[in-house]
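Note that the working numbering has the sequence shown beginning at 5, numbered continuously upward. Even for Gly, the Cβ is constructed at its ideal location relative to N, Cα and C. Nothing here was measured: the structure is a model prediction, and the numbers come from that model. Please read the structure below before turning to the comments.
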Amino acid sequence: MKDWNEKCAVVGIYNAHNASILSYYALFAMQHRGQEASGISAANGEKIFTHKNNGLVTKVFDEPTLKKLQGIASIGHNRYSTAGEDSIDDCQPIFAKYSLGELAIVHNGNLTNAKKVRKGLIDEGAIFQSHLDTENLIHLIAKSHKSQLVDRITDALGKIEGAYALVFLSRTKMFAVRDRYGLRPLSLGKITNPDGSIGYIVASETCAFDLIGAEYIRDVNPGEMLVFEGAYSKHIPIPKSIKIFEPNPKPCIFEYVYFARPDSKVFGRNVYEIRKQMGIELAKEHNIQADMVIPVPDSGVAAAIGFSKQSGVPFELGIIRNHYVGRTFIEPTQTARELKVKLKLNPIAELIADKEIIVIDDSIVRGTTSKQIIKILKQAGAKKIHLFISSPPTISPCYYGVDTPEKSQLICANHTLEEVREFIGADSLAFLSLEGLKKSIQSSDDEAFCQACFDGNYITIPQE
Ligand code: SF4
Numbered sequence: 005m006k007d008w009n010e011k012c013a014v015v016g017i018y019n020a021h022n023a024s025i026l027s028y029y030a031l032f033a034m035q036h037r038g039q040e041a042s043g044i045s046a047a048n049g050e051k052i053f054t055h056k057n058n059g060l061v062t063k064v065f066d067e068p069t070l071k072k073l074q075g076i077a078s079i080g081h082n083r084y085s086t087a088g089e090d091s092i093d094d095c096q097p098i099f100a101k102y103s104l105g106e107l108a109i110v111h112n113g114n115l116t117n118a119k120k121v122r123k124g125l126i127d128e129g130a131i132f133q134s135h136l137d138t139e140n141l142i143h144l145i146a147k148s149h150k151s152q153l154v155d156r157i158t159d160a161l162g163k164i165e166g167a168y169a170l171v172f173l174s175r176t177k178m179f180a181v182r183d184r185y186g187l188r189p190l191s192l193g194k195i196t197n198p199d200g201s202i203g204y205i206v207a208s209e210t211c212a213f214d215l216i217g218a219e220y221i222r223d224v225n226p227g228e229m230l231v232f233e234g235a236y237s238k239h240i241p242i243p244k245s246i247k248i249f250e251p252n253p254k255p256c257i258f259e260y261v262y263f264a265r266p267d268s269k270v271f272g273r274n275v276y277e278i279r280k281q282m283g284i285e286l287a288k289e290h291n292i293q294a295d296m297v298i299p300v301p302d303s304g305v306a307a308a309i310g311f312s313k314q315s316g317v318p319f320e321l322g323i324i325r326n327h328y329v330g331r332t333f334i335e336p337t338q339t340a341r342e343l344k345v346k347l348k349l350n351p352i353a354e355l356i357a358d359k360e361i362i363v364i365d366d367s368i369v370r371g372t373t374s375k376q377i378i379k380i381l382k383q384a385g386a387k388k389i390h391l392f393i394s395s396p397p398t399i400s401p402c403y404y405g406v407d408t409p410e411k412s413q414l415i416c417a418n419h420t421l422e423e424v425r426e427f428i429g430a431d432s433l434a435f436l437s438l439e440g441l442k443k444s445i446q447s448s449d450d451e452a453f454c455q456a457c458f459d460g461n462y463i464t465i466p467q468e
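Below you can see the structure in the form of structure tokens.
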């Protein structure tokens, strides 16, 4: 899928040698979660240093820059713009000086009462520097009368609603929090420093742990805050757990469908295994034979392998993806989208000419990308094309930190299955059921997920 983008990636490193370099590698591993901007703040016990800019991680940082980000604690962020604009002011971390010292924050998610809170703060005289909903937190923390930062953060969190995986960095401490629903992922890992001392990492995805050799411990629980302190004393810093809210877990089911890297463990489960199982369930629900099954790379690969395994239809890599596509220099119109598909995906004509093929993709959003894929496959000579989707139809936008089109733009929200099939030009079209998706995750009866983009049942909706 190409029109549904994860908001961001966050990372926090505590008590580790070269903390900013570890943040850099963690952000590099999580580049797929946001490519518009990147930033790191580091704390050395006395001061917080920040560098951020628009662009990919490798463009924003070089060695001299990272060397200036001194300290054994750091936080970082990759941004895919949603609540904010494209200016440098809207890059994270957000940094501020306030009565207790210095503070930097990174946020993955979307605050549903952000407008209301911001209006209240402005009415009371606050001045904002960015369009970010996260900036509300800085003001709420600064305004709190509590004497300890941990209590000020707790105070501020009591006034915000919506989805958040947040990491706060002070000059000596770090705090990691997930909202009560656990909508966005955040995992905790252990770092063993070269001298044998122990440090910690929190990150949106565990693929960040693998790159820096960290060991997965567990997820930060919904409604939980982890407090990291003691790095500047002789004590071994062990994260302290504080229950901020009564948990009501409803993690985002779409992480399994599309956002997360298949080598990550998200909400405690490996993403690749789940996607493969989604293909198996899809084949169980829609029994069909053809000459071959091919994935739309990369997001459809694991499900296509599962589909092939279950159905016995041979798996082929019939479409090759160019991973090096940069910006296209035309206006964002339908034509631009067509060009984008062609720049990215190219079918192997010799393989698919005169063949009946099953194409597996992870989802359909506007339908324009699927239409283009069918078009290029037909141009390459495919005889018959069945488009099978390894998730249910997406019928509602996301309010929790994922960049989705309006409902009016979601083709499955406004058209029947047959109308969608006709629009995209496939010979047949099928989706995995919601039950099939949950079976793939092996969720127990009492385990709930946010699945609002599939069923329209929102946990909380934006307030004006
Ligand atoms: S609405 Fe969809 S994308 Fe958004 S959090 Fe819920 S499941 Fe995830």
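Its chain contains Ile399, Ser400 as the residues whose beta carbon lies nearer than 7 Å to that of Gly460, once the 5 sequence neighbours on both sides are disregarded; these appear in chain order. Listed in chain order, the non-local C-beta contacts of Leu433 below 7 Å within the same chain comprise Leu391, Leu421, Val424, Arg425, local neighbours out to five positions each way being set aside. Boundaries of the beta strand (DSSP E) harbouring Arg83: 77 to 83, taken from the DSSP string. Contact between Gln96 and Arg83 holds, with the beta-carbon distance rounding to 6 Å and staying under 8 Å. Val206 and Gly16 do touch by the CB rule: their CB atoms are close to 4 Å apart, below 8 Å.
Within the same chain, Leu115, Thr116, Asn117, Thr464 come within 7 Å of Glu165 by CB-CB distance, once the 5 residues on both sides are set aside.
Put simply, the backbone Cα of Asn197 is about 31 Å away from that of Arg156.
Out of Asn112, His111, Phe132, the CA that lies nearest to the CA of Val121 is found in Phe132. Ordered along the chain, residues surrounding the ligand SF4 are Leu187, Cys256, Ile257, Phe258, Cys402, Tyr404, Val406, Cys454, Gln455, Ala456, Cys457 [Cβ under 6 Å from any heavy atom]. Secondary structure at Phe271: coil, using DSSP grouped into helix, strand and coil. For secondary structure counted as the beta strand (DSSP E) over 3 or more consecutive residues, the stretch 378 to 451 holds these complete runs in sequence order: 388 to 393, 432 to 435.
Under the DSSP definition of a beta bridge, Cys454 partners with Cys256. Within the DSSP secondary-structure output, Asn112 pairs in a beta bridge with Ala169.
No Cβ-Cβ contact shorter than 8 Å links Leu136 with Ile257. Two segments are said to touch when three or more pairs of C-beta atoms, one from each, lie closer than 8 Å; by this definition the stretch 236 to 253 does not touch the stretch 299 to 307.
Among the bridge pairs identified by DSSP, Leu349 is matched with Arg325.
By alpha-carbon distance to Ala46, the top candidate from Glu67, Gly59, Ala23, Ala30 is Ala23.
Under a 10 Å Cβ-count criterion, Glu285 is classified as buried, with 16 or more other Cβ atoms of the shown protein chains found around its own Cβ. Distance from the CA of Asp94 to the CA of Ala264, rounded to the nearest whole angstrom, comes to 24 Å. Here the alpha carbon of Lys387 sits roughly 42 Å from the alpha carbon of Gly59. Per DSSP, the continuous alpha helix (DSSP H) segment holding His143 begins and ends at 139 to 147.
Distances from the alpha-carbon of Asp450 to those of Lys254, Tyr220, Ala146, Ile142 put Lys254 closest. Going by DSSP, Phe99 is part of the beta strand (DSSP E) stretching over 98 to 102. Taking a cut-off of 8 Å on C-beta distances, the stretch 274 to 283 does not touch the stretch 345 to 354, as fewer than three cross pairs fall below it. Going by beta carbons, Tyr29 and Ile216 fall inside the 8 Å limit. Judged by their CB atoms, Leu192 and Val224 are nearer to each other than the 8 Å cut-off.
For the pair Glu289 and Ser437, the CB atoms are nearer than the 8 Å cut-off. Excluding residues up to 5 positions away in sequence, Arg370 lie with their Cβ nearer than 7 Å to the Cβ of Gln413 in the same chain. DSSP places Glu50 outside any alpha helix (DSSP H), giving it a letter other than H or E. The C-beta distance from Ala167 to Leu144 rounds to 17 Å, too long to meet the 8 Å contact threshold.
About 7 Å separates the Cβ atoms of Glu209 and Pro189, confirming a contact at the 8 Å cut-off. Taking 8 Å as the cut-off, the beta carbon of Ile389 is found closer than this to the beta carbon of Ile378. DSSP, read as helix, strand or coil, puts Gly460 in coil. 8 Å or more divides the Cβ of Gly322 from the Cβ of Ala357. Phe453 is positioned such that its CB atom lies closer than 8 Å to that of Ser447.
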